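Residue numbers (our numbering): 3 to 275.
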């Protein structure tokens with residue numbers, strides 16, 4: 003039986019010069035021609051799992067130019083990894099610090115050597131190595147780029163936003179693991195909000211979470227952390243150029259929230275760009 007392939011998509015493997023690790027890019031060509039200045043781009047972390055869903059939604063909703071602009075969707079993943087191996091890889095790329103001992107004890111489901119605290123390197127890989135590869139394939143607009151991440155990917159999106167708010171124009175943080183290492187990521191929040199008025203291109207941020215992601219007594223506080231962060235960001239609504247949106251997706255679990263969140267996130271990132 004012949005292996006299936008995703009239509010009008012290109013696949014490229016490369017080894018990073020920054021951390022020596024191998025990555026796989028899946029790049030979906032839009033169905034329509036590029037606008038003047040190039041296509042917007044959406045980079046999807048955990049691309050092995052989420053690339054096809056985002057690419058399908060972005061392509062079909064851009065048909066006829068009625069709902070969204072034609073957009074390049076890029077899935078960032080790992081070559082040759084099974085599911086548990088990919089889980090192990092993402093712990094390195096998506097976390098800014100080592101976890102606590104209690105958190106680390108819960109990671110036995112991932113296979114291979116599990117390493118952490120590679121988020122700084124991974125952000126540089128996205129900026130200095132992934133972007134140029136995409137630009138070689140299709141005409142893209144560097145001023146209209148968005149980044150999506152879920153769970154640890156959502157943590158990475160927030161951490162990277164606080165460190166490099168000019169790196170992307172739209173940041174999509176779904177079910178962010180704010181709890182990681184004593185809510186370490188929030189240490190960058192004050193510096194980010196202080197710098198926000200002086201940014202030449204204020205970013206837009208979407209924070210989402212499923213209402214069922216916080217079982218009673220859960221120390222992770224997935225919903226509470228997202229709602230509290232959203233309340234603080236909503237208070238910045240009058241700041242020039244700053245756009246923020248948040249949503250609790252009712253009845254959705256941690257694993258299931260991605261699909262109902264796709265369309266609201268695409269609208270937020272791509273409309274009026």
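Even glycine gets a Cβ: it sits at the ideal position worked out from N, Cα and C.
Fair warning: this is a prediction, and the values are worked out from it, not measured in the lab.
Residue i - containing beta strand (DSSP E), residue span
{"i": "residue 27", "result": "24-30"}
{"i": "residue 249", "result": "245-251"}
{"i": "residue 45", "result": "41-47"}
{"i": "residue 207", "result": "206-212"}
{"i": "residue 150", "result": "142-152"}
{"i": "residue 74", "result": "74-79"}
{"i": "residue 15", "result": "11-17"}
Chain-order list of residues whose beta-carbon lies under 8 Å from that of residue i (same chain, five-residue window excluded)
{"i": "residue 265", "result": "59 and 63"}
{"i": "residue 221", "result": "181"}
{"i": "residue 198", "result": "167, 204, 238, 241 and 244"}
Member of the options whose CA lies at the smallest distance from the CA of residue i
{"i": "residue 50", "options": "71, 132, 80 and 39", "result": "80"}
{"i": "residue 123", "options": "144, 96 and 140", "result": "96"}
{"i": "residue 1", "options": "74, 243 and 5", "result": "This structure cannot speak to residue 1, because the chain is shown only from 3 to 275."}
{"i": "residue 270", "options": "14, 65, 71 and 20", "result": "71"}
{"i": "residue 82", "options": "133, 52, 61 and 26", "result": "26"}
{"i": "residue 152", "options": "237, 175 and 188", "result": "175"}
{"i": "residue 223", "options": "189, 185 and 193", "result": "185"}
Beta-carbon proximity of residue i to residue j, cut-off 9 Å
{"i": "residue 212", "j": "residue 259", "result": "yes"}
{"i": "residue 84", "j": "residue 155", "result": "no"}
{"i": "residue 231", "j": "residue 178", "result": "yes"}
{"i": "residue 158", "j": "residue 125", "result": "yes"}
{"i": "residue 53", "j": "residue 8", "result": "yes"}
Cβ neighbours of residue i in the same chain (closer than 6 Å, five flanking residues each side left out)
{"i": "residue 206", "result": "172 and 245"}
{"i": "residue 141", "result": "36 and 40"}
{"i": "residue 120", "result": "94 and 95"}
Enclosing alpha helix (DSSP H) for residue i [first to last residue]
{"i": "residue 136", "result": "133-139"}
Residues near residue i by beta carbon distance below 7 Å, same chain, minus five either side
{"i": "residue 116", "result": "90, 93 and 109"}
{"i": "residue 255", "result": "212, 214 and 215"}
{"i": "residue 145", "result": "171"}
Where residue i falls, given that 16 or more other Cβ within 10 Å makes a residue buried
{"i": "residue 42", "result": "buried"}
{"i": "residue 10", "result": "exposed"}
{"i": "residue 44", "result": "buried"}
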